[in-house]
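These protein sequence lines are chains B and U, in that order.
Using this note's numbering, the first residue of the first sequence is number 1, and each one after it goes up by one.
Using this note's numbering, the first residue of the second sequence is number 1001, and each one after it goes up by one.
Below is one structure, written out as structure tokens; the observations come after it.
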Amino acid sequence: MSEPVLAIKNLTVSFPDHLVLNDLSLQLNQGDFLSVVGQNGVGKTTLIRVILRQLAPQHGKIKYHPEFKRMKIGYVPQFRNIDEEYPLSIRDFVGLNLHDSRLPWLSKKERQKLDKIIKQTNLETIQNTPLGDASGGEKQKAYLAQALINDPDLLILDESTASLDNVRKFELLDLVKEFNEHQGVTVLFITHDIELAKDYAHEYLLMRHGNYQSGPIAQFKESDLEEAEHA
Amino acid sequence: MLSFAFMRHAYIAGTMIAIISGIIGVYVIGRNMSFLSHMLSEIGFSGASFGIFMSWPPLNGMLLFTIVSSVLIGQLSSKSSRREASISAISSLFLGSGILFLSLANKNASDATSILFGSMIGISQGEVNQILWLSLAVLVIIFLVYRDLRFDSFDHVGAQVKGVNTQLISIVFLVILALSVSVAAQIVGSLLIFVLLTLPAASAKYFTRTVSGMMVFAIGAALLGVWLGLYLGYVTNWPVSFFIAMIECVIYFTALIWNRVRN
Ligand SMILES: Nc1ncnc2c1ncn2[C@@H]1O[C@H](COP(=O)(O)OP(=O)(O)OP(=O)(O)O)[C@@H](O)[C@H]1O
Ligand SMILES: [Mg+2]
Chain B
1 MSEPVLAIKN LTVSFPDHLV LNDLSLQLNQ GDFLSVVGQN GVGKTTLIRV
51 ILRQLAPQHG KIKYHPEFKR MKIGYVPQFR NIDEEYPLSI RDFVGLNLHD
101 SRLPWLSKKE RQKLDKIIKQ TNLETIQNTP LGDASGGEKQ KAYLAQALIN
151 DPDLLILDES TASLDNVRKF ELLDLVKEFN EHQGVTVLFI THDIELAKDY
201 AHEYLLMRHG NYQSGPIAQF KESDLEEAEH A
Chain U
1001 MLSFAFMRHA YIAGTMIAII SGIIGVYVIG RNMSFLSHML SEIGFSGASF
1051 GIFMSWPPLN GMLLFTIVSS VLIGQLSSKS SRREASISAI SSLFLGSGIL
1101 FLSLANKNAS DATSILFGSM IGISQGEVNQ ILWLSLAVLV IIFLVYRDLR
1151 FDSFDHVGAQ VKGVNTQLIS IVFLVILALS VSVAAQIVGS LLIFVLLTLP
1201 AASAKYFTRT VSGMMVFAIG AALLGVWLGL YLGYVTNWPV SFFIAMIECV
1251 IYFTALIWNR VRN
């Protein structure tokens, strides 16, 4: 596939009171693992909302790969309202995103999909645990499984590792890496953790207010980020 | 017992009501809407009084009020904190006007008690039919939107990501909630809607961890309450609502204790 999975050209988004994205261009090719870094409030989540077509940009274009008639995007949002009283099991929660049929019960094919993703994300032993009782790392894995259940072409993680300890962070990203390498899932990973980005991502996009910088992760310089923070 | 037409009517209506209450109740729990269903029952009381005042069947007044208000609530701002305060204000308004309608209608106190606490004995064949049709409508609507409603109720953020029209789902749900509240009030009265609509589903979540499992449990608990309650009411001549409330509370507290013991 020579065409990019996603090509964003001269994207501009502003809310009534201020400009958030200004003339942002970005290209994602199949199999990319792009890390998006930048300060709070710089517009990372806003960029995702545009990609998900939840928000219309004032200017600019997004071109999705022509082969994906309707590109399937799996998204793990930054915020989720799951408290400790949450009643459903991990398995039932993951299955909420199944929509091959509209019937109240799951088809055989859907049950197989569910089994498969539970296994691939190592949730087998805790699949019947209530999600409300699960640890932070287990919850993130369940969110990941729900996002991956329909075999997406593009997986977007919005700070999914932010609340995880060092061991769980790597565990989660090892899983993502599997899907990236073995299933060709393109990954867009928003994070504040530069070390983690360097370990896993291939490309980076550094967002600063009004200007953007991207390239292979090996060329990423910490000093650029500091500059961004002091600007 | 079943040789009496009124008892047959009561059993048929009660069975339907238990089934839809069990299903809707699970969504009420998932959407954290116990508070709102409470308000709808108060609005229902007001609507029933209005019906009596207009010399309509109370159920029709109830349906009119609850459906109109549920659509209005759906339009309110979604800021939940503001919502709760405005909900309390609206409830008081409706309870107050309900009392006014009753007194203007110049009816005796037994009408008020039957609206507030239910009356199993007076259900006619026509009312049974109306309850059956309304329940059927609720079931059909749920069947049509089952997956999206389930997703939105148990993972609102995830449903938005998937592209579910959550605004539409929310209004559809409010309307079927209004229907269910009006129908359930026919048996337990508007003050005790909670007993059928929330308690069985709230108990269910301590025993089972899937949406379908919770529905089966909640329907079972509601059916047990209604069937046993009607029987005990028949035998003792005590109010049926009292027995249903007792049974559902026993189930609920058993669930709580079971949950404690298990952990
Ligand atoms: N719906 C909205 N209306 C008005 N302003 C908004 C809206 N959504 C986001 N913003 C503003 O746009 C800016 C960018 O927000 P965004 O959530 O994209 O930041 P972010 O880079 O994801 O930050 P963080 O690292 O904290 O998650 C912020 O200043 C925010 O206040
Ligand atoms: Mg963000």
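Note that beta-carbon positions come from the ideal geometry of N, C-alpha and C, so glycine has one too.
A quick note: this is a predicted structure, and the numbers were derived from the prediction, not measured.
Asked, Found
"According to DSSP, residues forming a beta bridge with Asn211(B)", "Arg208(B)"
"Assigned secondary structure, Lys44(B) (DSSP; H/G/I helix, E/B strand, else coil)", "helix"
"Leu47(B): CB within 8 angstroms of a non-hydrogen atom of ligand 1", "yes"
"Spatial neighbours of Val42(B) in its chain, beta-carbon cut-off 7 angstroms, leaving aside the 5 residues before and after", "Met207, Arg208 and His209"
"Expected contact under 8 angstroms - CB spacing of Val94(B) and Ile149(B) to nearest Å", "6 angstroms"
"Contact set for Glu1248(U): own chain, Cβ-Cβ below 6 angstroms, skip 5 residues either direction", "Val1195, Leu1199 and Gly1225"
"Under 9 angstroms between C-beta atoms of Leu175(B) and Val36(B)", "no"
"Cβ shell of Ser1081(U) (< 7 angstroms), same chain only, five flanking positions each side left out", "Reliability of the predicted coordinates at Ser1081(U) is poor, the pLDDT of 49 falling under 50, and the value obtained from them is presented with this limitation in mind. So the list is empty, once near-sequence residues are dropped."
"Residue environment, Arg1150(U), which counts as buried when at least 16 other CB atoms sit within 10 Å", "buried"
"Cutoff 7 angstroms; reference Ala1010(U); Cβ partners in own chain excluding five residues on either side", "Met1120, Ile1123 and Leu1230"
"Asp92(B): CB within 8 angstroms of a non-hydrogen atom of ligand 1", "no"
"Glu85(B) burial status per 10 Å Cβ neighbour count (16 or more: buried)", "exposed"
"Inter-residue spacing [alpha-carbon to alpha-carbon] between Ala1218(U) and Ala1201(U)", "5 angstroms"
"Below-9 angstroms beta-carbon distance, Gly1299(U) vs any chain B residue", "For residue 1299(U) there is no data in the structure shown, the boundaries of chain U being 1001 and 1263."
"Any non-hydrogen atom of ligand 1 closer than 8 angstroms to Asp23(B) Cβ", "no"
"Positions along the segment 130-141 of chain B whose CB lies within less than 8 angstroms of some CB in chain U", "Pro130"
"Beta-bridge pairing of Tyr75(B) - partner residues as DSSP gives them", "Ile156(B)"
"Selected residue, minimal CA-CA separation from Ile1019(U), among Ser1241(U), Tyr1234(U), Leu1095(U) and Val1216(U)", "Val1216(U)"
"Cutoff 9 angstroms: Ile82(B) Cβ touching any chain D Cβ", "Here chain D cannot be found, since the structure's protein chains are B and U."
"Neighbourhood of Gln58(B) by C-beta distance below 7 angstroms, restricted to the same chain and skipping five residues each side", "Thr12, Val13 and Ser14"
"beta-carbon Asp240(B) near ligand 2 non-hydrogen atom, thresh 8 angstroms", "Lying outside 1 to 231, the shown extent of chain B, residue 240(B) is not represented and no answer is given."
"Heavy atom of ligand 2 within 8 angstroms of Gln78(B) beta-carbon", "yes"
"Proximal chain B residues relative to Tyr1146(U), where beta-carbon distance stays under 8 angstroms", "Arg102, Leu103 and Pro104"
"Neighbouring residues, chain U, relative to Gln146(B) (Cβ below 7 angstroms)", "Gly1158"
"Contact set between Pro152(B) and chain U, taken where Cβ atoms lie within less than 7 angstroms", "Here the premise fails: no neighbours, minimum Cβ distance about 11 angstroms."
"Any chain B beta carbon closer than 9 angstroms to Ile1251(U)", "no"
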